[in-house]
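What follows is a single structure, written as structure tokens, with notes after it.
There are 2 protein chains.
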Amino acid sequence: MAHNLEREKCEQATQILAEIDMDAWLVWVRETSQMADPVLELILGGDLVWQSALLFTKGGERTAIVGNFDADGIEAKGLYHRVIPYTEGVKDTLRSELERIKPGQVGINFSLSDVAADGLSLGMYRILTEHLSGTPYANRLVSAEALIQRLRGRKTPSEVARIRKAVEITENIFREMSPRLRPGLSEAQIYGMFHEAMDRHGVGNAWDEDHNPAVDAGPNKVFGHSGPTENETKAGHLLHFDFGVKYEGYCSDIQRMFFFGKPAEVPEEVLHAFETVHDAIQKASEFIRPGVLGHEVDAIARDHVKSRGYEEYKHALGHQVGRLAHDGGTLLGPLWDRYGDTPRGEVEAGNVFTLELYVTTKEYGQLSLEEDILVTKGGCEFLSHPQRELICLG
Amino acid sequence: MAHNLEREKCEQATQILAEIDMDAWLVWVRETSQMADPVLELILGGDLVWQSALLFTKGGERTAIVGNFDADGIEAKGLYHRVIPYTEGVKDTLRSELERIKPGQVGINFSLSDVAADGLSLGMYRILTEHLSGTPYANRLVSAEALIQRLRGRKTPSEVARIRKAVEITENIFREMSPRLRPGLSEAQIYGMFHEAMDRHGVGNAWDEDHNPAVDAGPNKVFGHSGPTENETKAGHLLHFDFGVKYEGYCSDIQRMFFFGKPAEVPEEVLHAFETVHDAIQKASEFIRPGVLGHEVDAIARDHVKSRGYEEYKHALGHQVGRLAHDGGTLLGPLWDRYGDTPRGEVEAGNVFTLELYVTTKEYGQLSLEEDILVTKGGCEFLSHPQRELICLG
């Protein structure tokens, strides 16, 4: 059981190297308890002290060259076929390993656009090029961005299991909190109640604690722009949450809408808005499958919203969820400049995305929902239970 | 009260810039919740999402150029004199700020030898040099290592207060655990008791949880090489701990020795070893003061150990303690190759060091103690209460 997740990710890295035809991948780190390359939690799940090389080949070899004090711990994880300890310096071993493998390119962890693929520090890069000077490999270093984006994006069974659990706990907390929500509570009070529940469930924040959950009471708040305020809930008003927890390193990210009143009292305008948002998410979920492009999925929901007479939402329909609530890679977003190439990416089986959007009503403010889905071979599966109607607290 | 620590560190950074005559310091980061430059927790205490520049000048100006969504949060911290938000891109603002300041050199965060000063990623460095291309500043980027080492090493009042509290909690846990220690407990059981106490005190681990506390029962264990085992405590044997907690981001690091027996039963050989280690720490503490070099302090203790007929300890006498248990910078160590230049550094007022060493007895294994000290203007102050005799559990 131990290190299942890391083993899955290591094996996946080998598959992806073959798939993108990259000869070798070198993860080059030191003192990772102080500054960790974001890939390490996927392929090691532990720390390295001295200068260390984790070397993956297209052929399936995984070699760890590490300081002698680290060697036993890394060996015990059973993730690397060979663990080569060193005492004096890593340089000679690293050079001779590369000589043996003779890679045409060596992927290293830098990226201009994706922080998750940019874990190599400038100092460590300079040390690496010094170590390799005089070898052909100093000029064969290329960005491993394509590998890392796939590696993070394709969730393995262990990763999906953790996200499922994070979603389940999030939904349980919403369920537990519902009966305690009433008119006259401030956003800050409600925020406090949610944090007590998170502590009780032993989960962390999926994003910056100050904004988790976002709690938006009443019609005059633009969602997402401030943390909870002294603003109070009121009969006849909507209440919005954007809430995510972190369970064993993996996140959920869910938006829910409540109404303070009886079902029969929900204004027509709000019903129309809710139905629009709900249906846009449904339509996108019916469309999404491996091979479609991110912006194509976004367009399905966006077109629906416009066809119902609303202004289009000013963000992407969905982002990937994993170690982070916003986990990078392909985005289900429109082809706007600020999203760069991310909406042009292909959706892959194993991706976990949010589907989220809002519309703005005239009298009752914004109405926004967000669900989490897993892309499957044939389409997608909802990880959250899609909200089908306003939760009425009347 | 809020952000006192960060304010102290920001002001200190300005002083150090003047002291080392560096015109400007540029902390250049993005999406820091995923990968944070280690200096950020000192000078910001929060996250930045888009490409962001924190720019310090020798003259005392502090400017933050940040994405518009981050601006309010950074403004609210009150640490930066000017917070300049951007929407489209950071490049123009960064260039015009540098044009205005006209620095002769701009320190950036890379270092071959110190991970704490190596927070700039290769991708972000390449983006920076692109942004600055065509300006004189692209060629004026230098390592800010000298600044960062001083900044981390000189603890401010708020930092010292947190370390004091971490030390106090560590000592309290030792005190609470003492009456519960008895022959026949396994190292793993004792480890579990300490972790329950840590949870109760609400503190984290000062280093890798697997080795904290190190628990070493009996004569046959080489300290520091494995986590707690099924090895059992026994009457007439020694018990050793290396234990540190993290309180509000700051660490303690303390070693203590217990004996299972009455004071009168402590073997002569053990008494002699204890006295040697205790006295070596005392002598080093009487010698250390601002201006002495790291290796000079180590030599005081090392010479004492040798004069008492023991082999010298195979590590440094002391390392700095702060955000990490091993906090980098000047080391109180011998001039051995593996320590590089770190023992040649000057001790400064405000540094917090461990004083730690072991000697090896013939019959009872190793005897090792560790205390934490604060370097003051005139010498040093013990933050821990030095262990004066074996704690006898008889």
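Protein chains in written order, with the numbering used here: chain A, 1197 to 1590; chain B, 1197 to 1590.
The C-beta atom is built at its ideal place from N, Cα and C for all residues, glycine as well.
- Sixteen is the threshold: since fewer than 16 other Cβ atoms of the shown chains lie within 10 Å of the Cβ of Glu1482/A, the residue is exposed.
- Chain A places a beta carbon closer than 8 Å to that of Val1311/B, counting this residue as a contact.
- In the structure shown, the three-state DSSP call for His1511/A is coil.
- Contact residues of the segment 1311-1333 of chain A toward chain B are Val1311, Ala1312, Ala1313, Asp1314, Gly1315, Leu1316, Ser1317, Leu1318, Gly1319, Met1320, Tyr1321, Arg1322, Ile1323, Glu1326 (C-beta to C-beta distance below 9 Å).
- Contact of Ser1229/A with chain B by beta-carbon distance below 8 Å involves Trp1403, Asp1404, Leu1520.
- Annotation for Ile1365/B: His1397, Val1399, Val1441, Tyr1443 place their beta carbon closer than 7 Å to its own, counting only its chain and skipping 5 residues before and after.
- Contact fails between the segment 1531-1549 of chain B and the segment 1399-1418 of chain B, because fewer than three Cβ pairs, one in each stretch, are under 8 Å apart.
- Its chain contains Leu1238, Ile1239, Leu1347, Thr1352 as the residues whose beta carbon lies nearer than 7 Å to that of Lys1205/B, once the 5 sequence neighbours on both sides are disregarded; these appear in chain order.
- Glu1284/B and Arg1258/A have their C-alpha atoms roughly 42 Å apart.
- Taking the beta carbon of Pro1234/B as reference, the chain A residues within 8 Å of it are Gln1230, Met1231, listed in sequence order.
- One alpha carbon belongs to Ala1312/B, the other to Ile1344/B, and they sit about 8 Å apart.
- Counted as a single uninterrupted DSSP element, the beta strand (DSSP E) harbouring Thr1556/B occupies residues 1548-1556.
- Taking C-beta atoms under 8 Å as the contact rule, Leu1222/A and Leu1244/A fail to qualify, at a distance of about 13 Å.
- For Ile1261/A, the uninterrupted beta strand (DSSP E) segment begins and ends at 1258-1263.
- Of the candidates His1436/A, His1500/A, Phe1439/A, His1500/A places its Cα closest to the Cα of Asp1475/A.
- Those residues of the segment 1291-1309 of chain B placed with their C-beta closer than 9 Å to a C-beta in chain A are Ile1304, Asn1305, Phe1306, Ser1307, Leu1308, Ser1309, ordered along the chain.
- When DSSP reads this structure, Asp1568/A sits in a beta bridge with Thr1550/A.
- Spanning the alpha carbons of Leu1551/A and Asp1568/A requires a straight line of approximately 6 Å.
- Take Leu1381/B, set aside five residues on each side of it, and the residues of its chain with a beta-carbon closer than 7 Å to its own are Glu1428, Thr1429, in chain order.
- Take Arg1336/A, set aside five residues on each side of it, and the residues of its chain with a beta-carbon closer than 6 Å to its own are Gln1301, Val1302, in chain order.
- Contacts with chain B at 8 Å (Cβ-Cβ) do not include Asp1537/A.
- By the criterion of a C-beta distance shorter than 6 Å, Leu1294/B is surrounded in its chain by Tyr1333, once the five residues flanking it on both sides are discounted.
- For Asp1217/B, the three-state secondary structure derived from DSSP is coil.
- The residues Val1411, Pro1424, in chain order, have a CB closer than 6 Å to that of Tyr1387/A in the same chain once the five nearest residues on each side in sequence are set aside.
- Take the alpha-carbon of Leu1565/B and the one of Asp1406/B: they are about 20 Å apart.
- Cβ proximity to chain A below 7 Å picks out Asp1243 from the segment 1242-1258 of chain B.
- Listed in chain order, the beta strand (DSSP E) elements of length 3 or more contained wholly in the segment 1431-1506 of chain A are 1434-1439, 1441-1443, 1450-1455.
- Beta-bridge analysis with DSSP links Arg1278/B to Thr1259/B.
- Here Ala1393/B carries a helix assignment [DSSP, helix/strand/coil].
- Under the three-state reduction of DSSP output, Thr1228/B falls in the coil class, being neither helix nor strand.
- For Leu1337/A, the three-state secondary structure derived from DSSP is strand.
- Residues of the same chain with a CB within less than 6 Å of the CB of Lys1273/B, apart from the 5 flanking positions on each side, are His1199 in chain order.
- Collapsing the DSSP output to three states places Ser1374/B in a helix.
- Counting along the chain, the unbroken beta strand (DSSP E) around Thr1253/A starts and ends at 1248-1253.
- Note that the C-beta distance between Val1473/B and Leu1563/B is below 8 Å.
- Counting along the chain, Glu1237/B sits inside the alpha helix (DSSP H) bounded by residues 1236-1239.
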